[in-house]
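If you read the sequences in order, they're chains A and B. With UniProt numbering, the residue at position 30 of the first sequence is 30, and numbering never jumps. With UniProt numbering, the residue at position 207 of the second sequence is 207, and numbering never jumps.
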Amino acid sequence: MAHPKSKTSKTRRDKRRTHYKASLPTLATCSNCGATVKYHHICPECGYYRGKQVIEKEIAV
Amino acid sequence: MRHNKKFNHLGRTSSHRKAMLANMASSLIESKRISTTLAKAKALRTYVEPLITKAKDDTTHSRRVVFSHLQNKNAVSELFRDVAVKVADRPGGYTRILRTGNRLGDNAEMCIIELVDYNEAMLTSTEEAAKPKRRRSRRGGKKEEAPAAEAAKQAKPVAEKESATAEAEEVKAVEDVQPVEETEEKAEAEVKSEASAEAEAEEKPADEASEEDKKKEE
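The structure is reproduced here in structure tokens:
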């Protein structure tokens, strides 16, 4: 089996990791309560989805 | 190679997966709505919908077939007694999956999966909202164009003359840029372009009139 000849230095490791980036989710505002919600998700504040009461707030968590 | 093998194993052996889906299907049928991860919900959808379809035909055989999948007599009787009646005139699509965010701990995408016919709030509101947005084909685009045409018509006397003259000027400008080979042809072309611009101006009102007629018919 092939083996690494030398240890990857901290610099080399960290340079590789410069491309590991977190991305922001696309957000919208709830049409009912105005809270910030993720697209295609039930509003966690009021339980509305696409202008309709889908679930009661207690279940929505 | 794994080409076209899209089936989600959910990280389980076949028996484990079947047992889990049977339990989830029983829970869904008995409580009408369950909260689970998105991947499991999607797997459950393909598992439980054929069973619900089978429940529409209430025979001993179909009961046995469904029982072999669910392994839960309470769920089977609930399915054939109550659920089958409710979904009787629904041609498939008995479940609804709605995302609820990510779980604390492992950040799994969570969702609720429910039987469509048991969500009373959604049923009433969909019946009200269903009528206006029925057309999904692209042929219905004329409805949207009609108001625009009307608006254009109001501004017609000024805007159309301007556009016609502007077009003619543009055509001239384009021709002026071209190297002059035969002046006679160029003059002819200019005359033609002006004529065509006029023709366009004449055609526009006709188009609008026809669109208006269509709108009236609608």
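C-beta atoms are modelled at their ideal positions from N, C-alpha and C, and glycine is treated no differently. These numbers were taken from a predicted model, which means no experiment stands behind them.
Straight-line gap, residue i to residue j (C-alpha atoms, nearest Å)
i        : j       : result
Asn72/B  : Arg81/B : 14 angstroms
His3/A   : His16/B : 39 angstroms
Ala209/B : Val48/B : In this prediction, Ala209/B scores a pLDDT of 49, lower than 50, which makes its location untrustworthy; no coordinate-derived value is stated.
Ser23/A  : Pro91/B : 40 angstroms
Ser6/A   : Arg13/A : 13 angstroms
Tyr49/A  : Ser35/B : 16 angstroms
Leu21/B  : Arg45/B : 10 angstroms
Thr13/B  : Glu45/A : 38 angstroms
Identity of the residue in the options nearest residue i by Cα
i        : options                               : result
Pro25/A  : Gly101/B, Met122/B, Arg33/B, Gly105/B : Gly101/B
Ser27/B  : Leu98/B, Leu79/B, Leu104/B, Leu10/B   : Leu79/B
Asp117/B : Ile52/B, Ser77/B, Thr59/B, Gly11/B    : Ile52/B
Asn74/B  : Glu109/B, Arg90/B, Ser31/B            : Ser31/B
Thr29/A  : Ser9/A, Glu56/A, His19/A, Ile42/A     : Ile42/A
Ile97/B  : His40/A, Cys33/A, Thr11/A             : His40/A
Glu114/B : Tyr94/B, Val76/B, Ala121/B            : Tyr94/B
Leu70/B  : Thr59/B, Met24/B, Asn107/B            : Met24/B
Asn119/B : Arg33/B, Gly105/B, Ala22/B, Met1/B    : Arg33/B
Leu10/B  : Ile112/B, Asp58/B, Lys18/B            : Lys18/B
Asn107/B : Thr46/B, Leu21/B, Thr37/B, Thr124/B   : Thr37/B
Contact set for residue i: own chain, Cβ-Cβ below 8 angstroms, skip 5 residues either direction
i       : result
Lys56/B : Ala84, Val87, Ala88
Asn8/B  : Ala39, Lys42, Ala43
Gly51/A : Ser31, Asn32
Helix, strand or coil at residue i [DSSP, three-state]
i             : result
Thr37/B       : strand
Arg16/A       : helix
Glu114/B      : strand
Glu109/B      : strand
Lys10/A       : helix
Thr124/B      : helix
Arg99/B       : strand
Lys18/B       : helix
Ala2/A        : coil
Ala25/B       : helix
Tyr39/A       : coil
Ala22/A       : coil
Leu104/B      : coil
Tyr94/B       : coil
residue 232/B : There is simply no residue 232/B to check, as chain B begins at 1 and stops at 218 in what is shown.
Sequence-distant residues of the same chain with beta carbon closer than 6 angstroms to residue i, five excluded per side
i       : result
Arg17/A : none
Gly34/A : none
Residues near residue i by beta carbon distance below 7 angstroms, same chain, minus five either side
i        : result
Lys54/B  : Ser62, Val65, Val66
Arg103/B : Met110
Chain E within 8 angstroms of residue i, Cβ atoms only
i       : result
Tyr49/A : Absent here is chain E; the protein component of the structure consists of chains A and B.
Enumerated in chain order, which unbroken segments of the alpha helix (DSSP H) with a length of 4 residues or greater are wholly contained in the stretch 28–88 of chain B? 38–55, 60–70, 73–78
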